[in-house]
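Chains as they are written, first to last, in this note's numbering: chain A, 646 to 904; chain B, 1105 to 1945.
See structure below.
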C-alpha cells in the first residue's frame, strides 16, 4: 500500500500535496483548477485555506481528502499516497483516517445525534473508544440531546454533532468545508471555538476552507489560493490581517475587469 | 404550460419508462387477449363458412339435453333421406353421422389432441356437401376400412395401408387406413382429428344404428334456401327441424364464439388485475414526482399559473404517458397473444394456427383502457399538485407528512363496502359483484396499509439490522410509510390473489380426497380422460381372476320436467350405475328414504331434492336423451357427494342415454385376492384400451389433485404478470428514493461507506418493502381463500386446505424478488460520484 519512496522519508505532516494538478474538461473548455500545488499540513495544526471564489480552494480540499482524484501529482495522508488507491481502499481511508465537516447536510436524518456521531465506526463495524467518545461529547456539550434526530436540533447544534462525528474516530486529519457558512455568528463562533480547542487540547489536525476572515482567525496559519496556486501564507492570523490580504485579491480582480 | 409538461416528461425519462412499463404490460395483456380470441374466432368463422358453402338446408333433431360432450340432439330416421331427396329443388342430400373416434398409435397410445375434439364421421363422396377432399387412397368400404385426416396421420407413425386400432362406442377394433383426407389443402379444420367410416359402419360404431345426426341439403340453382327449407319442413318428424345453411353456419360459429368469449373474459380478468396493479404504480410515481417537484410547481403558481393549469399540466403528463404506453402495449399484445397460445400449448390445450387479427375494437379499447387508467391513477396526485402554495417555492423542498387520519377513515369505509359486496356475491352469486368487491377491498386495504407498514417493517427489519447498512435500509423503508405502503400494496394484490387461489386449490384437493373416500369403496377405478370407453372394458375386467364385482358408470344430460310435455325443463346431469353396486363398490350415505335403486326409481342428493322441492315417495318427471318423458319415484336421498352427482339411476336406464360409453368403471376384489396381481392382470387385459387407466383410490385422488394443480399453476402464472408489474413499481420507488437521497448517499460515501454497504442498504429497503407486501398479500389472500372455501362448501369444497409450506415459499419469493428489484437502483446508488452527490441541491 505504501510506496518505498514515501516510507523512506517519514514526515510529521498529517497530509501533504506534491505538485498537485487538477484539470477539468479538455480543449477549449479546459480549466486548470489546481496548478502544481505543493503544501503540507503538520500534525496538531489548524490550517485555514482562503481565496476568492474559483481560486481552487475547495478543489484542493477535495483532492486532499480523497473525494476527488488528481490529474497529476501526489497526495499523502500520513504516509499513504492516496492517488494510487482504488475506490475500495480510498473509501476505507476516508472512513478510518479522515474526518469531514461539510457546510450543510452533514447528518443522516434517520439517525439520532449519537448514531450520527458514531456513523464511521458503525460503517466499519467497530466499537467506538468509549472514553474518547465521552470526551468528545462533553466538549460539544450536547449530552442531553444525543437521542434527538437532526430535525430536532438547531443548525449550530447540527454542526457541532458533525464536528463530534469528525473527531470521534480519531482521524489523522479533519477537513472542514465552510463549516460555519450556514450558521448565524453566535453558532458559528461556538463551532469555531470547538474546532480550535480540539486542536489545542486534543492535538487534532484540521484543514478548513472558508471565505470568512473571522473564521480564518481561529487557525494557526492561513494558506491563500488564487488561480489554482498558493500565493501566500500567513501564520498566527487575525481577522484584520486576513481581511487586508483578501482585499488585495479584489484589487487584482477589479484591475482584471477594467483591463 | 404544455411546453413545461413536455420538458418535465423528457427530463425524467427513466422514471417515465419504468412507470409506463407497468401500463404497457397491462395493455399488452388486454390487446393480447383480444388478438388471440379474434384470431381464433376468424379461424372458426372461415371454417364454418367453408363447411356450409353449398349447404342450403340443414336438417337436424331438436335439442334434447346437454351431455358432457355438448348438446344432445334427437336423431333423424335414416329413411328421411330418400324423402328429402325427392323434394323438388333438392340437388343433393347427404346423411351425416358424427361421434367420437380415437386412433391408437403404434406405441399403444390413444392419439389425443389436447383440447380439440377427436371426431368420427361417416364418409360420403360429394363435391358439393363433403368438406373434405380424399387426396390419397380411396373412400372406406366395408367394416374394416377407414380414412383419416392428414393431421391425424401426422401425429402417428402410420402410413397409408397400415392397420390401426380405433376406440369407438364399440369394443376396440382395427381398421385399415385406406384414404387420407385434407380440407382445402389443410391437414385439419382446426387441429382436430377425424376418422371416417363407411356410413353403415359409422352408424354402428358411433351408436346411431339406422339414424343420422344431420342431413345436409344442396339446392338446385335458382332455388333459394328459405324456399327449400319450407318445402322440406312438412316432411320432418316432430322432433326434427330444418334451418338454412346460412343460419347453420352462423349458429355453429356463435357456439364457438361463445366459448371463445369465456376464454376472452378469463384472459381479460388477468389483464384488468394487471392494469389495476399498474394503476398503483402510476399513482405512486406521480405522487413522488409531484412531491419532488413541489418547488417547481410552486414557482409556476408564483408566476401566475392557476390551480387548474397546474392540475391539467400533471394530468396531461399522465395522458401522454398513457397514450404512449397504450401504443407500445398494443404492439406487444401481438407477442402476448403468441405467448399465451404457447403457454396453453404447454399445458396440453393446443390451439389451432391462426392469422393475427388486430381488430379496430382492440386498438380503441387498448388506447382507452391504458390512457384512462393512467389518467385516473394520476388524478389524486394532480389534485395535490394544484394545492401547492406559491410560497412553497421559497421554502425548503421537504413538505411535512400529511395526517393519515382522513385516509384511514376513507380506507375503512371502502374496505367495509368492498367486503360487504364480496360477502353478498359469495352468498348470492354474481361474479361482477365479487370482482368489484375485491377491487374495493384492495383499495381499502391499500389505503389502510400505511398504518401497519411502519410497525411491520420495523419488526421484520430487525432481521436485517444487525449491521449499520441494514439498519439504515430499515430506517429508509419506514421513513415514508405512505410510499412504502403504496409500493407494497401493488405487490400485495398479486400475492393476495395467488395465495387465495392456492388456498382454494389446496382446499379442493383436500375435498377431493374426502369426496372419493366417501363415495368409492371399489378397489380399483378404471378411469379415462376424454370421451369414455365402451362397455367391453368393464366386461373384460369382470373376467379376471380375483375380481368379485364390477360396475360401469355412465353420465349424461337429463331433463327434469315441470309438466307432461316437458316444455319447461331443468337441465341436469344424471349418473347411472348398477343398483347392486350401491353398498358394494359405491357408498352413498342415505339421508332419507332408502338407497334401494329398484326399477322405476331414482335417487337424489339432499341438495338436489331440496332445490327441486321433492321428498322420498314423490314422483318426478324426467326425460333422457333417447326416451320420452317418464315418471320415476324418488326412492331416497343421500348426502351430497360431488363424485356421485345429484341424480342416480340404475344402469338399465342408461340405454336411453345419448352415449353408451362409460366415464369410469369400478372393480371390487375377492376377499384375499392379491391387489397387485389383479392389477397386473387388468393392466395386461386392458392394454388395448390405452385411454383407460387402472387406478387404486389414492392414485385416483392423485390424478384429480394433479388436475387441480395444473389449473392453479396456469392461473398463478397469469397472476404472475401482476407481480412482475408490482416489482417494476418497487424498482421505480427505489430509483426515486436513490435520487431523492443523493446527498445522504454522498455523505455516507464520504464518511467511508463502501459501495458494497450502500448496495446492502438499498437491498434491505427493497426486501423490506417486498416482504411487507408479501405478508400483507398472504394475510389478505388467506382470508379471501378461506371465505371462498366457505362459500363453495355447498359445491363440494367441504374441506379447508391451508398450505402453510407453499405460502411460506411465496413469502420467501417476495423477499427474493426484493433482492432482484434492488439490483439496478443499488448499482446506481453505489456508483454515485461522491462529490457531485454532496453538492446536489
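Glycine included, C-beta positions come from ideal geometry on N, C-alpha and C.
CB contact flag (residue i, residue j, <8 Å)
i	j	result
residue 1477(B)	residue 1382(B)	yes
residue 1301(B)	residue 1250(B)	yes
residue 686(A)	residue 659(A)	yes
residue 873(A)	residue 828(A)	no
residue 1755(B)	residue 1691(B)	no
residue 1941(B)	residue 1872(B)	no
residue 1601(B)	residue 1885(B)	yes
residue 1862(B)	residue 1852(B)	yes
residue 1349(B)	residue 1161(B)	yes
residue 1840(B)	residue 1392(B)	yes
Enclosing beta strand (DSSP E) for residue i [first to last residue]
i	result
residue 1670(B)	Premise fails: residue 1670(B) is in no beta strand (DSSP E) and is neither H nor E.
residue 878(A)	874-880
residue 854(A)	851-854
residue 743(A)	743-746
residue 1628(B)	1628-1632
residue 1280(B)	1277-1286
residue 1941(B)	That residue, residue 1941(B), is in no beta strand (DSSP E); its alpha helix (DSSP H) goes 1938-1943.
residue 1253(B)	1249-1253
Element boundaries [alpha helix (DSSP H), containing residue i]
i	result
residue 667(A)	Residue 667(A) -> not in any alpha helix (DSSP H); beta strand (DSSP E) instead, spanning 658-669.
residue 821(A)	That residue, residue 821(A), is in no alpha helix (DSSP H); its beta strand (DSSP E) goes 818-822.
residue 1801(B)	1801-1844
residue 776(A)	775-785
residue 1448(B)	1411-1450
residue 1722(B)	That residue, residue 1722(B), is in no alpha helix (DSSP H); it is neither H nor E in DSSP.
residue 1596(B)	1585-1623
residue 1873(B)	1859-1895
residue 1953(B)	The structure shown does not extend to residue 1953(B), since chain B is modelled only from 1105 to 1945, so the question has no answer here.
residue 1914(B)	1908-1934
residue 1712(B)	1710-1716
Buried/exposed call for residue i, threshold 16 Cβ in 10 Å
i	result
residue 860(A)	buried
residue 654(A)	Its pLDDT being 43, under 50, residue 654(A) is placed unreliably by the model, and the measurement read from it follows with that caveat. By the neighbour-count rule (16 or more Cβ atoms within 10 Å), residue 654(A) is not buried but exposed.
residue 1484(B)	exposed
residue 803(A)	buried
residue 1926(B)	buried
residue 1580(B)	buried
residue 1532(B)	exposed
residue 1228(B)	buried
residue 1675(B)	exposed
residue 1433(B)	buried
residue 1263(B)	exposed
residue 1384(B)	buried
residue 1948(B)	Look at the range of chain B in this structure, 1105 to 1945, and you will see that residue 1948(B) is not part of it.
residue 1573(B)	buried
residue 1284(B)	buried
residue 1779(B)	exposed
residue 1715(B)	exposed
residue 1584(B)	buried
residue 1245(B)	exposed
**OP:** Could you list the residues in the stretch 1855-1873 of chain B with a C-beta less than 8 Å from some C-beta on chain A, going in chain order?
**Re:** 1855, 1856, 1857, 1858, 1859 and 1861
Original post:
Along the stretch 1552-1570 of chain B, what residues have a CB closer than 9 Å to any CB found in chain A?
Top reply: none
Original post:
Given a limit of 7 Å on CB to CB distance, which residues of the stretch 698-728 of chain A reach chain B?
Top reply: 707, 712 and 713
Subject >> Proximal residues, the stretch 1572-1605 of chain B versus chain A, C-beta separation under 7 Å >> reply: 1572, 1576, 1579, 1580 and 1583
Subject >> Interfacial residues, the stretch 820-838 of chain A to chain B, with Cβ spacing under 7 Å >> reply: none
Original post:
At which residue ranges does the stretch 1136-1224 of chain B contain complete beta strand (DSSP E) runs of 3 or more residues, listed in the order of the chain?
Top reply: 1161-1165, 1167-1171, 1174-1177, 1194-1200 and 1202-1204
**OP:** Quick one: which residues of the stretch 1929-1944 of chain B get their C-beta closer than 8 Å to a C-beta of chain A? List them in chain order.
**Re:** 1938, 1939 and 1942
**OP:** Could you tell me which uninterrupted beta strand (DSSP E) segments, each at least 3 residues in length, are contained entirely in the stretch 706-762 of chain A, listed from first to last along the chain?
**Re:** 717-722 and 743-746
Subject >> Within 7 Å of chain A by C-beta, residues of the stretch 1402-1417 of chain B in sequence order >> reply: none
Subject >> Length at least 3, wholly inside the stretch 1332-1362 of chain B: the beta strand (DSSP E) runs in chain order >> reply: 1344-1348
Original post:
Between the stretch 1832-1851 of chain B and chain A, which residues of the former have a C-beta closer than 7 Å to a C-beta of the latter?
Top reply: 1847, 1848 and 1851
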